[in-house]
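J.: These protein sequences, in sequence, are chains E and Y. Quick note on my numbering: the first sequence kicks off at 1 and runs consecutively. Quick note on my numbering: the second sequence kicks off at 1 and runs consecutively. Note that CB positions come from ideal geometry on N, CA and C, so glycine has one too.
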Amino acid sequence: MSGRDGAARAIQAADLHARRLGLHPGLPIAQARARIPGLHVLDADPKADHAALAQLAAWCLKRYSPVVALDPPDGLWIDATGAGHLFGGDRAMLDDLVRRLDRSGIAARAAMADTPGAAHALARHGYQQVTIADRQVKEALGVLPIAALRLPVDLVLALRKLGFTQIGDLARTARAPLALRFGPLIGRRLDQMFGHEPEPFEPVAPTELVRVERVFAEPIGAPETLQRQIGLLADALCATLRHRALGARRLDLLFHRVDAVVSGIRIGTVAPSQDPCHLARLLAGRLETIDPGFGVERMTLTASLAEPVILRQASSLAAEALPEITSLIDTLANRLGAVRLYRVAPIESDLPERAVAKVAALAPAQTASWPALLLRPIRLLAAPEPVDALAALPDHPPRWFVWRGIRREVVRADGPERVFGEWWQADAERHSVRDYFQVEDQMGARLWLFRSGDGQDPATGSMRWYLHGLFA
Amino acid sequence: MAPASELRLLTFPAAAPTPVQPNAGHPPASARAQTVAKLRTRIRQMERGERSCQAVLPFGVAALDQRLPEGGLRLGALHEVIGGGNDGAYAAAAALFAAGILARLEGPVLWCLTYPDLFAPALAAAGLHPDRVIYAEAGDETAILQVMEEGLRHGGLAGVVGETAKLPMTASRRLQLAAETSGGLGLVLRRWRHAETAARFDQPNAAVSRWRISTLPSAPLPVAGVGRARWQVELVRCRGAKPGSWELEACDVQGRLAVPAELADRPAAAADGQHRAAAG
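1. In chain E, which residues lie less than 8 Å from Y/N86 when you measure between Cβ atoms?
2. For chain E, check one thing: does any of its Cβ atoms lie closer than 9 Å to the Cβ of Y/G151?
3. Can you confirm whether the segment 352 to 372 of chain E touches the segment 121 to 129 of chain Y when touching is taken to mean that 3 or more C-beta pairs between the two stretches lie within less than 8 Å?
4. Once DSSP output is grouped into helix, strand and coil, what is the label at E/M112?
5. Under 8 Å, with one C-beta from each stretch per pair, do the segment 285 to 302 of chain E and the segment 341 to 349 of chain E reach the 3-pair mark?
6. Output the boundary residues of the beta strand (DSSP E) element that contains E/H256.
7. Is E/L449 close to chain Y? Criterion is C-beta to C-beta, closer than 9 Å.
8. Do you know offhand how far E/R150's Cα is from E/T240's?
9. What span of residues does the alpha helix (DSSP H) with Y/G100 cover, start to end?
10. Are E/P352 and E/L380 close, meaning C-beta to C-beta below 9 Å?
11. Give the residues of chain E in contact with Y/F119, contact being defined as C-beta atoms less than 8 Å apart.
12. Could you tell me the distance, in whole angstroms, from the CA atom of E/A57 to the CA atom of Y/A95?
13. In the DSSP assignment, find the unbroken beta strand (DSSP E) run with E/P384 in it and report its ends.
14. Using a Cβ-Cβ cutoff of less than 8 Å, which residues in the same chain neighbour E/D259 once the five nearest sequence positions on both sides are dropped?
15. Give me the residue from E/R464, E/D427 and E/F216 with the minimum Cα distance to E/P386.
16. Could you check if E/G126 belongs to the surroundings of the ligand ZN, using beta carbon to heavy atom distance under 8 Å?
17. Across which residues does DSSP place E/K358 in a beta bridge pair?
18. What number of angstroms, rounded off, separates the C-alpha of E/L162 from the C-alpha of E/Q128?
19. Which same chain residues end up closer than 8 Å to E/K498 when comparing Cβ atoms and leaving out the 5 residues on each side of it in sequence?
20. Enumerated in chain order, which unbroken segments of the beta strand (DSSP E) with a length of 3 residues or greater are wholly contained in the segment 142 to 216 of chain Y?
21. May I ask you to report which of helix, strand or coil DSSP gives E/H278?
22. Is the beta carbon of E/L226 less than 9 Å from the beta carbon of E/V296?
23. Taking Cβ-Cβ distances shorter than 9 Å, what residues in chain Y pair up with E/D43?
24. Kindly say whether E/T331, judged by its beta-carbon, lies nearer than 9 Å to any beta-carbon of chain Y.
25. If you draw a straight line from the C-alpha of E/A459 to the C-alpha of E/R451, how long is it?
26. Are any of the Cβ atoms in chain E nearer than 9 Å to that of Y/P217?
27. Could you give the DSSP three-state label for E/T302: helix, strand or coil?
28. Any beta carbon of chain E sitting closer than 9 Å to that of Y/F97?
29. Under 6 Å Cβ to Cβ from Y/Q21, same chain only, skipping five residues before and after it: list those, please.
30. For the alpha helix (DSSP H) that E/T326 lies in, which residues bound it at each end?
31. Would E/A83 pass as an interface residue toward chain Y - the criterion being a Cβ-Cβ separation below 9 Å?
32. Do the segment 150 to 169 of chain Y and the segment 328 to 336 of chain E touch if we need at least three Cβ pairs shorter than 8 Å?
33. Could you round the C-beta distance between Y/A120 and E/V356 to whole angstroms and report it? I think they count as a contact, below 8 Å.
34. Could you list which residues in chain Y have their beta carbon closer than 7 Å to that of E/W370, in chain order?
35. Quick check on DSSP: helix, strand or coil for E/T269?
36. Could you check the C-alpha separation between E/P203 and E/F471 for me, to the nearest Å?
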């Protein structure tokens, strides 16, 4: 990718393959051609790049967070405050982002930090493809190169000449001489990176979506006032949605503060909803994550995902039905995250840890269940715990065993139930065998033990005993 | 409206085993008993803010149902189930006891957990079909109680179960009120992670009843093997009823408890059963 920089044509961007060959941005095209014959050079098209970036931002807006801004030429800011839990955590969200971009052919690096400046630096100069700024990473910000500070190239070169290579060097130097010589930019970038100075950015506005807005003559900040305004916005939005026969699946509520900081709330619903009370309650439930600062002057509510609603005739002849639980699922899913609210479905596997699959809370009913006569404990330990046991081989239950330091005599036992490894899952399971026993100790506690191996052939397992569950 | 304390005082003579009859005449004993029963119901209604229809789920075990004030486990209320004996950390029997109760109700169930060690096949074996159970993994104890309250308040669920170590007075009262208004059944499974929290289980809270379920040696079989599980079911505390303790057989595939056969055949138990038949 080449572009015109002054009079000479130079490399502006290089893919991984080209970088391995030693080509880097800034290298004149003539030199590169001389080094590598048959080099494939494309002309840069900044306009198309910008358009593609905007398209990517719109996609992020739909999928990840209500506040997304462009960081030209090649970056996006995503304000992920309160958005990570919908994906099961910040890291899961970033992994998902990078994976999806990778699948569509975009090599991306992602970082999450307290400030846009730090995230910008870590994404471009961090060691990993995905970085989450915990305390350890924050301490390491100082060793990043000064190029990570978003300074003009000549300024970076000038600083390098003076011996500054790392951000930490600059942070430790007195500000006044630096500002006198290089202007206020260095100080501001440092403050922005470490969070001493806010850095507002202009979020991209979604297009073609149902969107309502309220502008206030006086900035508002009291929680009750904000809550009332949420109610009014929800009313207005639902009126529009009803007009178009749509229901909201996801809502973005943006708070534009007087100091130009924009923060947002995103909520999701399991089924398209037009009910203003329900939506307002969901939004108000997350209001505590918003800091109104000196006041909010503008609020916008967008239905970033809307689907057609199918209205059903309510019959008064039918038996009085219980209220729909979709609204409850919405409330809980927005509080806990959708991954932590689930139902389970049976899987045809004899291995107990594989017999249960999580499905969405409102997934269609399975009707299938596990065989009722199968003896299964009510509590299954996360991982089988090894126990010391004395048992006669090959197929007798233990006489006694020691679990968590307590010796238990086995009074009664049932078994063995032989469970074979699933060779189609892993090679290591090809020969493995577990023999499960239900045992009862002298106190009346009923436990689920298994022996790894069939008691004769060492290839089937280690012959050690494990405790896997507790019966009632 | 009269203050609540005055009403409480009124219940005392009425709930006493031999109520004083102000009536000078001598009506037949059955009529007298009827009047007393009517009065008791009215007082209970007044106490609970004029809710006349009180749904009840009988256990189907005569000894248990006779002990409970309305002849069964009250729905629209909060109940507490504690794992007894050395089952305090896992509350396995308590969980299955709760599953058996919910299996005999209709509608979806919300089960709030902190540690996902509940094994669904066992719930299904107690009659609680996997399609009916929605699991909510809340991060901590406070979140569990909040999620439970949300579930109870909604009213579309048959019951809400929460596994928690702590149940403070205020939280339990909120849960009880939510259950009362919606008519859902709230069950709190108390299980501890550190033994010292177990000592706090005795502290009072607003739950209507407190049960303690401990495992007992299983029913003896003529051959080697583990028989049907048996529990010591203890009613530790219940509003309007005396505590009691029963040795019962664990839930069957429909979630029903049963009196062990050799105990049921005893003359005293047989008399109990006849008495109930006559009353019903």
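T.: Reading it off the structure:
1. Within the second sequence, the letter at position 86 stands for residue 86 of chain Y. Identification of chain E residues near Y/N86 by a Cβ-Cβ cut-off of 8 Å yields M443 and A445, ordered along the chain.
2. Here the question's residue 151 of chain Y lines up with position 151 in the second sequence. Residue contact check for Y/G151 against chain E: a CB pair falls below 9 Å.
3. Yes: at least three Cβ pairs fall under 8 Å.
4. Translated into the one-based positions of the first sequence, residue 112 of chain E becomes position 112. Note: E/M112 maps to strand in three-state DSSP.
5. These segments do not touch.
6. Position 256 of the first sequence, counted from the start, is the residue given in the question as residue 256 of chain E. Under the DSSP assignment, E/H256 falls in the beta strand (DSSP E) whose first and last residues are L246 to R257.
7. Taking the first residue of the first sequence as position 1, residue 449 of chain E is located at position 449. Not closer than 9 Å to any Cβ of chain Y, the Cβ of E/L449 fails to qualify, so no.
8. Residue mapping note: residue 150 of chain E aligns to position 150 of the first sequence, counting from 1. Residue mapping note: residue 240 of chain E aligns to position 240 of the first sequence, counting from 1. The alpha-carbon atoms of E/R150 and E/T240 are separated by roughly 43 Å.
9. Numbered from its first residue, the second sequence carries residue 100 of chain Y at position 100. For Y/G100, the enclosing alpha helix (DSSP H) starts and ends at A92 to A103.
10. Within the first sequence, numbered from 1, the residue matching residue 352 of chain E stands at position 352. Within the first sequence, numbered from 1, the residue matching residue 380 of chain E stands at position 380. A contact, by the Cβ cut-off of 9 Å.
11. Working through the second sequence from its first residue, we reach residue 119 of chain Y at position 119. Taking the beta carbon of Y/F119 as reference, the chain E residues within 8 Å of it are P352, V356, R376, P377, I378, R379, L380 and G469, listed in sequence order.
12. In the first sequence, counting from the first residue as 1, residue 57 of chain E sits at position 57. In the second sequence, counting from the first residue as 1, residue 95 of chain Y sits at position 95. Between E/A57 and Y/A95, the alpha-carbon positions lie close to 48 Å from each other.
13. The residue labelled residue 384 of chain E in the question sits at position 384 within the first sequence. Where E/P384 is concerned, the enclosing beta strand (DSSP E) stretches over R379 to A391.
14. In the first sequence, residue 259 of chain E corresponds to position 259, counting from 1. Cβ within range, chain order: P198, P200, G293 and F294.
15. Here residue 386 of chain E refers to the residue found at position 386 when the first sequence is read from its first residue. Nearest C-alpha to E/P386: E/R464.
16. For the structure depicted, the ligand ZN is absent and the ligand set is empty, with no information on it obtainable.
17. Within the first sequence, the letter at position 358 stands for residue 358 of chain E. In DSSP, E/K358 forms a bridge with E/V344.
18. As a first step, residue 162 of chain E is located in the first sequence; it is residue number 162 there, counting from the start. As a first step, residue 128 of chain E is located in the first sequence; it is residue number 128 there, counting from the start. Distance from the CA of E/L162 to the CA of E/Q128, rounded to the nearest whole angstrom, comes to 29 Å.
19. For chain E, the structure presents residues 1 to 472; residue 498 of chain E sits outside this window and is missing.
20. Those beta strand (DSSP E) runs which fall completely within the segment 142 to 216 of chain Y and span 3+ residues are 159 to 164, 185 to 190 and 209 to 216.
21. On the first sequence, position 278 is the one that residue 278 of chain E refers to. Per DSSP, reduced to three states, the secondary structure at E/H278 is helical.
22. Translated into the one-based positions of the first sequence, residue 226 of chain E becomes position 226. Translated into the one-based positions of the first sequence, residue 296 of chain E becomes position 296. Contact: yes.
23. Within the first sequence, the letter at position 43 stands for residue 43 of chain E. Within 9 Å Cβ-Cβ: nothing; E/D43 doesn't reach chain Y, min ~53 Å.
24. The sequence position of residue 331 of chain E within the first sequence is 331, counting from 1. Yes, contact with chain Y.
25. By one-based count along the first sequence, residue 459 of chain E stands at place 459. By one-based count along the first sequence, residue 451 of chain E stands at place 451. Their Cα atoms are separated by approximately 13 Å.
26. Stepping through the second sequence from its first residue, residue 217 of chain Y is reached at position 217. Cβ-Cβ to chain E under 9 Å: yes for Y/P217.
27. To locate residue 302 of chain E, count along the first sequence from 1; it is residue 302. Correct three-state label for E/T302: strand.
28. Locating residue 97 of chain Y in the second sequence gives position 97, counting from the first residue. Yes, Y/F97 counts as interfacial toward chain E.
29. On the second sequence, position 21 is the one that residue 21 of chain Y refers to. The predicted model places Y/Q21 with a pLDDT of 46, which falls under 50 and marks its position as unreliable, so this point remains unresolved.
30. Within the first sequence, numbered from 1, the residue matching residue 326 of chain E stands at position 326. Where E/T326 is concerned, the enclosing alpha helix (DSSP H) starts and stops at T326 to L336.
31. Counting from one through the first sequence, the residue named residue 83 of chain E turns up at place 83. Closer than 9 Å: no.
32. Contact between the segment 150 to 169 of chain Y and the segment 328 to 336 of chain E is established, with three or more Cβ pairs separated by less than 8 Å.
33. In the second sequence, residue 120 of chain Y corresponds to position 120, counting from 1. In the first sequence, residue 356 of chain E corresponds to position 356, counting from 1. 5 Å between Cβ atoms; contact.
34. Counting from one through the first sequence, the residue named residue 370 of chain E turns up at place 370. The answer, in chain order, is P121 and A124.
35. For the purposes of this step, residue 269 of chain E is taken as the residue at position 269 of the first sequence. In this structure, E/T269 counts as strand in the three-state DSSP scheme.
36. Along the first sequence, one-based indexing puts residue 203 of chain E at 203. Along the first sequence, one-based indexing puts residue 471 of chain E at 471. Their backbone Cα atoms lie some 55 Å apart in a straight line.
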